[in-house]
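Have a look at the structure below before the remarks.
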Amino acid sequence: MLHVYDGVLRFYDGAAVERGIYDRWFGLNVVHDVAASTVAVYVDGRRRFGASVIPGESYYFKFGVYMQHQDQSSCMESRWTNVTLYTKHQ
Numbered sequence: 001m002l003h004v005y006d007g008v009l010r011f012y013d014g015a016a017v018e019r020g021i022y023d024r025w026f027g028l029n030v031v032h033d034v035a036a037s038t039v040a041v042y043v044d045g046r047r048r049f050g051a052s053v054i055p056g057e058s059y060y061f062k063f064g065v066y067m068q069h070q071d072q073s074s075c076m077e078s079r080w081t082n083v084t085l086y087t088k089h090q
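Heads up: the sequence shown is residues 1 to 90, going by the UniProt record's numbering.
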C-alpha cells in the first residue's frame, strides 16, 4: 500500500518511493506480479521502488484517501484521471 506523509510517497510507512509529491500531477504505475510475489512502483515512467510481497489468494487495487496516521488535517484530497487496470491471463 502506498501512503503519503509530509509530501513523501512511501511503501506503507517505510521506504520513500518519491519525494515532493504534494500539489502536482504525476504518473503512477504499479506492477504486481502475483506469480513472482513482487510489486514495482513507477513514478512518471521511472522505476522508483520494488519489493517482494506476501503471497495471498486474492488481491485488489483501490485508490483514494482513506485515513490519516500522522499530522492529521481536516482536508484530505486526491485526484485521479485516466485510470486503467491491465490483467494478464495465462
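Think of the CB as a built atom: it goes at the ideal place given N, C-alpha and C, for glycine as much as any other residue.
Alpha carbon of residue i to alpha carbon of residue j, nearest angstrom
| i | j | result |
| --- | --- | --- |
| Ser73 | Val83 | 27 Å |
| Asp33 | Tyr22 | 28 Å |
| Ser52 | Trp80 | 26 Å |
| Gly64 | His3 | 10 Å |
| Gly50 | Cys75 | 30 Å |
| Phe26 | Tyr12 | 19 Å |
| Ala16 | Thr38 | 17 Å |
| Gln68 | Ile54 | 24 Å |
Proximity winner among the options, relative to residue i (alpha-carbon distances)
| i | options | result |
| --- | --- | --- |
| Leu85 | Leu28, Tyr22, Ala15, Ile21 | Leu28 |
| Arg48 | Arg10, Arg24, Ile54 | Arg10 |
| Gly56 | Asp6, Ala40, Val8, Ala35 | Ala35 |
Integer-rounded CB distance, given that residue j should sit under 8 Å from residue i
| i | j | result |
| --- | --- | --- |
| Glu77 | Val43 | Their Cβ separation, rounded to whole angstroms, is 19 Å, which puts Glu77 and Val43 out of contact at 8 Å. |
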